[in-house]
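Residue numbers (this note's numbering), protein chains in the order written: chain A, 2 to 398; chain B, 2 to 398. A virtual CB, placed ideally from N, CA and C, is assigned to each residue, including glycine. Please read these numbers as outputs of a predicted model, since none were measured by experiment. Report on the following structure.
There are 2 protein chains.
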Amino acid sequence: MGKVFKERTSVDKALRLFLERISTLRKAEEVSIETCTDRILAEAVVSERNVPHYRRAAMDGYAVRASDTLGASPANPVMLQLSDQIEEGGTIWVHTGAAVPEGADAVVMVEDTATVGTLVQIRAQVYPNRNIGQVGEDIKKGDRVFEEGHLLRPCDAAVLASLGFDRVKVFKNPVVAIIPTGDELVSRKESRDVPPPGKVLETNGLMSALYVEKWGGIPRCTEIVPDNPDSIKEAVEANLDADMILLSGGTSVGKRDHAPEVVTALGELLVHGIGVSPGKPAALGIVNNVPVVCLPGYPVAGLVVLYLFVRPGIRKLAAIPEAPELILKRRLAAKISSRIGYIGFVRVVLEDDKVRPLAGARSGILSSVAKADGYVLVPENIEGYAEGEEVDVFLIE
Amino acid sequence: MGKVFKERTSVDKALRLFLERISTLRKAEEVSIETCTDRILAEAVVSERNVPHYRRAAMDGYAVRASDTLGASPANPVMLQLSDQIEEGGTIWVHTGAAVPEGADAVVMVEDTATVGTLVQIRAQVYPNRNIGQVGEDIKKGDRVFEEGHLLRPCDAAVLASLGFDRVKVFKNPVVAIIPTGDELVSRKESRDVPPPGKVLETNGLMSALYVEKWGGIPRCTEIVPDNPDSIKEAVEANLDADMILLSGGTSVGKRDHAPEVVTALGELLVHGIGVSPGKPAALGIVNNVPVVCLPGYPVAGLVVLYLFVRPGIRKLAAIPEAPELILKRRLAAKISSRIGYIGFVRVVLEDDKVRPLAGARSGILSSVAKADGYVLVPENIEGYAEGEEVDVFLIE
Numbered sequence: 002m003g004k005v006f007k008e009r010t011s012v013d014k015a016l017r018l019f020l021e022r023i024s025t026l027r028k029a030e031e032v033s034i035e036t037c038t039d040r041i042l043a044e045a046v047v048s049e050r051n052v053p054h055y056r057r058a059a060m061d062g063y064a065v066r067a068s069d070t071l072g073a074s075p076a077n078p079v080m081l082q083l084s085d086q087i088e089e090g091g092t093i094w095v096h097t098g099a100a101v102p103e104g105a106d107a108v109v110m111v112e113d114t115a116t117v118g119t120l121v122q123i124r125a126q127v128y129p130n131r132n133i134g135q136v137g138e139d140i141k142k143g144d145r146v147f148e149e150g151h152l153l154r155p156c157d158a159a160v161l162a163s164l165g166f167d168r169v170k171v172f173k174n175p176v177v178a179i180i181p182t183g184d185e186l187v188s189r190k191e192s193r194d195v196p197p198p199g200k201v202l203e204t205n206g207l208m209s210a211l212y213v214e215k216w217g218g219i220p221r222c223t224e225i226v227p228d229n230p231d232s233i234k235e236a237v238e239a240n241l242d243a244d245m246i247l248l249s250g251g252t253s254v255g256k257r258d259h260a261p262e263v264v265t266a267l268g269e270l271l272v273h274g275i276g277v278s279p280g281k282p283a284a285l286g287i288v289n290n291v292p293v294v295c296l297p298g299y300p301v302a303g304l305v306v307l308y309l310f311v312r313p314g315i316r317k318l319a320a321i322p323e324a325p326e327l328i329l330k331r332r333l334a335a336k337i338s339s340r341i342g343y344i345g346f347v348r349v350v351l352e353d354d355k356v357r358p359l360a361g362a363r364s365g366i367l368s369s370v371a372k373a374d375g376y377v378l379v380p381e382n383i384e385g386y387a388e389g390e391e392v393d394v395f396l397i398e
Numbered sequence: 002m003g004k005v006f007k008e009r010t011s012v013d014k015a016l017r018l019f020l021e022r023i024s025t026l027r028k029a030e031e032v033s034i035e036t037c038t039d040r041i042l043a044e045a046v047v048s049e050r051n052v053p054h055y056r057r058a059a060m061d062g063y064a065v066r067a068s069d070t071l072g073a074s075p076a077n078p079v080m081l082q083l084s085d086q087i088e089e090g091g092t093i094w095v096h097t098g099a100a101v102p103e104g105a106d107a108v109v110m111v112e113d114t115a116t117v118g119t120l121v122q123i124r125a126q127v128y129p130n131r132n133i134g135q136v137g138e139d140i141k142k143g144d145r146v147f148e149e150g151h152l153l154r155p156c157d158a159a160v161l162a163s164l165g166f167d168r169v170k171v172f173k174n175p176v177v178a179i180i181p182t183g184d185e186l187v188s189r190k191e192s193r194d195v196p197p198p199g200k201v202l203e204t205n206g207l208m209s210a211l212y213v214e215k216w217g218g219i220p221r222c223t224e225i226v227p228d229n230p231d232s233i234k235e236a237v238e239a240n241l242d243a244d245m246i247l248l249s250g251g252t253s254v255g256k257r258d259h260a261p262e263v264v265t266a267l268g269e270l271l272v273h274g275i276g277v278s279p280g281k282p283a284a285l286g287i288v289n290n291v292p293v294v295c296l297p298g299y300p301v302a303g304l305v306v307l308y309l310f311v312r313p314g315i316r317k318l319a320a321i322p323e324a325p326e327l328i329l330k331r332r333l334a335a336k337i338s339s340r341i342g343y344i345g346f347v348r349v350v351l352e353d354d355k356v357r358p359l360a361g362a363r364s365g366i367l368s369s370v371a372k373a374d375g376y377v378l379v380p381e382n383i384e385g386y387a388e389g390e391e392v393d394v395f396l397i398e
């Protein structure tokens, strides 16, 4: 009792200490290209084909020998004979994408022609290869089409499909074990009735699982573990086959807070006490090379730690490439106060072309999350922002 | 032959004409809150409970009668007796989140106390209700927690769970029928070998399906339909139970382009020929109140039309709330040329803190999509952007 945090690590430093101990998994599996969206390529893709695989007409028009069109113009058209093979003075209709017939070396676009019976008036001179897509012009056999580590999008699936691929090797998604701890917790599976005073329905596990899934992990939720070190230890040990472990609750410095001490006992506690508000009691550690995040039990604090540490951790495990951060710039409809020494995670609501901080949004106040569209991070070294100041807004997804 | 587009509608106008004919579906279904992420609430959620449902200690500490702490200070502590019920001069330990015992009206935080045997030294005076969360302080029974139309996030699922909800009513996702058309197409299901000259593997259907899924629709792909008006008509009629129909291919003005005429025959063609490059041959229409998008067969042009028309169409059908657009601002590493009268959809690659337009990225060039990180839209009335100009970059997802 009366214990306080001995130290407080800045968010930046805590994140660095955490990420440098996380190794990208690089375990591969094969998936169908029908389900490859948002997966990461585990190997470069090299084309085994030419695209196009034949000389392709780039326009609707007439395939010709370019030499037959010499000097052709609207005033001085050349007449060619519609034919089924290309010889001197002959032409064949081709539509966009069709194979250019052998013997032809150019296509005259339909707009530069007219037909009179089986004669075609050519009203423009074309040079060899005009309006023809050459074999391999787009993608050549042997071309590296995608590098390892590429994040696959629907348009990439189409590229793979057109190269004849049906399955691709991608990195396995990291398994994230989620262990809710706390004597006060009641499982929603047992009863969704109002629990007795002092008891609450367990919901942080659900929130964590859904975020893990959204961010590219595979959540695995365990039963609720009571507030005692042996039970928590057992639960952690039982989940060391996972790629990351989230311990929810019991991370402060009270007498029922055992999560950080369990991490210390089983492995290495990297950080306990982080300069973010809410979220200060969070702890980060490593057990048997498995990153462990101790999430505060207060839902808003838990959300903060999910965003600040779990998301980047999953991205590193999963080899998700860094993407430029898209930030919304908005002016504040009211001032924000924040505590020096802590990054303030301030929930905000979009309001016309401004954002308004949610009043009275303490870390235990669940409804503040429901109401918030996003959050503003106030740096450690300032006391807040004035009304009207432009701030970076991160949308809560 | 020789037909050209009689008109060309601007992207803005085409989108307006299209969207004003689309009605939001508003068909509801119930889903488990375990799978409610990214769904849209079909009705407001009203809480049937108070949160907290009991007087909750907001701190680890000692529950007291505030009147017993009168005048307490570090220099002048008040001594209270550890007890199992609160009477004058008695106190009970409570941890954060615990029920405050009957008779107590405040909690003294542990940092302001010390224990000596069964005596507790109280070193700070507290006022009534100090460090106590009142019943319903967060959410009151009868409060509207979420409005109809709210997009559900993992944190919202947790809020719903804590209110005792297990299932929620959400809008059904729109079914989007995807009909690939073209005599040149070969189904990947039949053979993934290199097709004969003039034939290509069908892949636009797959790309469309994966984007539809990403954007909140339920894709339903049909077999490939040959280039003849009756077959296309039949395919459209067979899919009028869908909420949107995508016809891929056959949308230009060549002799094998029947998609727009089929739309005209069955319903109403709103737009044919749009001021965007690539993507100009796209057409938009309505058949039996079902929006129909004719996607050009060239993959890049198809992608453009998916982004510019299909995505907003799905969002309107599905009642997905408007979100502020997050735009990346970057300087150009090279100039962009664009055609007056058309919005230029220019594929770009991220390069350090700049973006570089992809050279030679014609609409038939599939590899340009694989290489592109995003796109820049050049307005209709300008010829391009100079090197070094700052542009808005949309990432291709």
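Item: Nearest-angstrom beta carbon gap, B:Pro279 and B:Phe346 [assumed within contact, 8 Å]; Value: 6 Å
Item: Nearest candidate by alpha-carbon position, reference B:Gly137, set B:Thr114, B:Arg193 and B:Val52; Value: B:Val52
Item: DSSP three-state assignment for B:Gly251, whether helix, strand or coil; Value: coil
Item: Close-in-space but distant-in-sequence residues of the same chain around B:Val12 (CB under 7 Å, 5 per side omitted); Value: Ile275, Gly276, Val277, Leu309 and Ile344
Item: Contacting residues, own chain, Cβ-Cβ under 7 Å from B:Ala210 (five flanking each side not counted); Value: Ile179, Pro220 and Cys222
Item: Helix, strand or coil at B:Glu235 according to DSSP, with G and I counted as helix; Value: helix
Item: Beta-carbon neighbours of A:Met208, restricted to chain B and to distances below 7 Å; Value: Pro155, Cys156, Ala158 and Ala159
Item: Min CB distance A:Gly314 to chain B below 7 Å; Value: no
Item: Alpha-carbon to alpha-carbon, B:Leu241 and B:Gly268; Value: 11 Å
Item: Contacts around B:Cys37, its chain only, beta-carbon distance under 7 Å, and the 5 residues preceding and following it disregarded; Value: Leu153, Ala158, Val169 and Val171
Item: Coarse secondary structure for A:Gly62, derived from DSSP in three states; Value: strand
Item: Distance between A:Asp231 and A:Glu391 (C-alpha atoms, nearest Å); Value: 49 Å
Item: Simplified DSSP assignment, three categories, for A:Cys295; Value: strand
Item: Spatial neighbours of B:Ile120 in its chain, beta-carbon cut-off 6 Å, leaving aside the 5 residues before and after; Value: Just to set this straight, residue 120 of chain B is Leu in the shown sequence, not Ile. Same-chain partners within the cutoff: Met80.
Item: Proximal chain B residues relative to A:Pro325, where beta-carbon distance stays under 7 Å; Value: Leu329 and Leu351
Item: Distance between A:Asp69 and A:Leu83 (C-alpha atoms, nearest Å); Value: 13 Å
Item: Stretch-stretch touch, CB-based, cutoff 8 Å, three pairs: the stretch 311 to 324 of chain A with the stretch 175 to 189 of chain A; Value: yes
Item: Contacts around B:Asp139, its chain only, beta-carbon distance under 8 Å, and the 5 residues preceding and following it disregarded; Value: Val52 and Pro53
Item: Stretch-stretch touch, CB-based, cutoff 8 Å, three pairs: the stretch 189 to 203 of chain B with the stretch 251 to 266 of chain B; Value: no
Item: Where B:Lys14 falls, given that 16 or more other Cβ within 10 Å makes a residue buried; Value: exposed
Item: Three or more C-beta pairs below 8 Å linking the stretch 21 to 31 of chain A and the stretch 324 to 342 of chain A; Value: no
Item: B:Pro220 (DSSP reduced to helix, strand or coil); Value: strand
Item: Run of the beta strand (DSSP E) containing B:Gly33, from where it starts to where it stops; Value: Note on residue identity: the sequence assigns Ser, not Gly, to residue 33 of chain B. Its beta strand (DSSP E) spans residues Ala29 to Ser33.
Item: Beta-carbon proximity check, A:Ser48 vs A:Val146, cutoff 7 Å; Value: yes
Item: Contacting residues, own chain, Cβ-Cβ under 6 Å from A:Gly3 (five flanking each side not counted); Value: Here A:Gly3 scores only 38 on pLDDT, less than 50, and its place in the model is too uncertain to base an answer on.
Item: Residue environment, A:Gln126, which counts as buried when at least 16 other CB atoms sit within 10 Å; Value: buried
Item: Nearest neighbour of A:Tyr376, chosen from A:Tyr386, A:Leu367, A:Ser368 and A:Val394 [CA to CA]; Value: A:Val394
Item: Below-7 Å beta-carbon distance, B:Ile140 vs any chain A residue; Value: yes
Item: Buried or exposed (CB count within 10 angstroms, at least 16 for buried), B:Pro75; Value: exposed
Item: N- and C-terminal bounds of the alpha helix (DSSP H) containing B:Thr265; Value: Ala260 to Leu267
Item: Cβ-based neighbour list, B:Ala260, same chain, cut-off 6 Å, excluding 5 preceding and 5 following; Value: Leu248, Gly251, Thr252 and Cys295
Item: Near-chain B residues of the stretch 78 to 112 of chain A - C-beta to any C-beta below 8 Å; Value: His96, Thr97, Gly98, Ala99, Ala100, Val111 and Glu112
Item: Residue of B:Arg17, B:Glu88 and B:Val108 minimising C-alpha distance to B:Val311; Value: B:Arg17
Item: Proximal residues to A:His151 (C-beta, below 6 Å), its chain only, five neighbours per side dropped; Value: Leu42
Item: C-beta contact flag for A:Val107 and A:Arg131 at 7 Å; Value: Residue identity check: residue 107 of chain A is Ala in the sequence provided, not Val. Yes.
Item: Cβ shell of B:Arg9 (< 6 Å), same chain only, five flanking positions each side left out; Value: Gly274 and Gly276
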